[in-house]
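To start, the structure itself, in structure tokens.
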Amino acid sequence: TGSIDSFYNYRFGQLPYRGLTFEWVDPIDAMVINYTDDRPYIREVNYSYLTGSKTIRETPCDLTHFAMPLMYPVPWGEEMYAKYKAIKTDVIFAGRLGSYKYIDMNKTIENAIKLWSEIQ
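Going letter by letter, the sequence shown gives residues 1 to 120 in UniProt numbering.
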């Protein structure tokens with residue numbers, strides 16, 4: 001889904017997000033490694049296991065411009081999000097951008113299936 005602030009043409013301003021940079025690096029010896037130490041990056045994914053391509057390293061960063069992918073909603077935007085959410089509409093906002101919440105992919109899929117069954 002798209003971001004709720006974009007849908008309303010940023011009426012109350014742009015919701016703040018953290019971004020994510022992607023860097024191609026030499027392959028790692030696993031499909032995915034998630035790092036919890038003090039490295040600046042959080043994850044390495046070795047797509048060569050699936051496609052033969054290189055490993056990509058993901059590093060969270062400040063969102064310096066809105067051409068970057070919106071990745072992680074930040075808590076200080078919740079008040080602005082509440083203003084957007086309060087607007088009465090027939091549109092259903094879902095997913096990470098629509099609900100302005102960090103949601104893992106498995107939970108996003110679960111929520112989408114539940115929402116689909118509710119609107120049937």
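Backbone N, C-alpha and C define an ideal beta-carbon position, used for all residues, glycine too.
Confirm, please, whether the CB-CB distance from residue j to residue i is below 9 Å.
i, j, result
"residue 55", "residue 26", "yes"
"residue 72", "residue 39", "no"
"residue 94", "residue 115", "yes"
What's the C-alpha gap between residue i and residue j?
i, j, result
"residue 8", "residue 78", "16 Å"
"residue 4", "residue 75", "16 Å"
"residue 23", "residue 113", "33 Å"
"residue 11", "residue 87", "11 Å"
"residue 98", "residue 42", "24 Å"
"residue 61", "residue 44", "16 Å"
"residue 20", "residue 89", "31 Å"
Find the nearest neighbour of residue i within the set the options, judged by alpha-carbon distance.
i, options, result
"residue 32", "18, 16, 49, 39", "49"
"residue 119", "102, 92, 96", "92"
"residue 46", "96, 13, 29, 104", "29"
"residue 15", "101, 106, 109", "101"
Could you tell me which residues DSSP pairs with residue i in its beta bridges?
i, result
"residue 124", "This structure does not reach residue 124, given that the chain is present from 1 up to 120, and the question cannot be answered."
"residue 73", "17"
"residue 44", "33, 57"
Review point. Looking at C-beta atoms only, is the number of pairs between the segment 38-53 and the segment 81-88 that lie closer than 8 Å three or more?
Key: no
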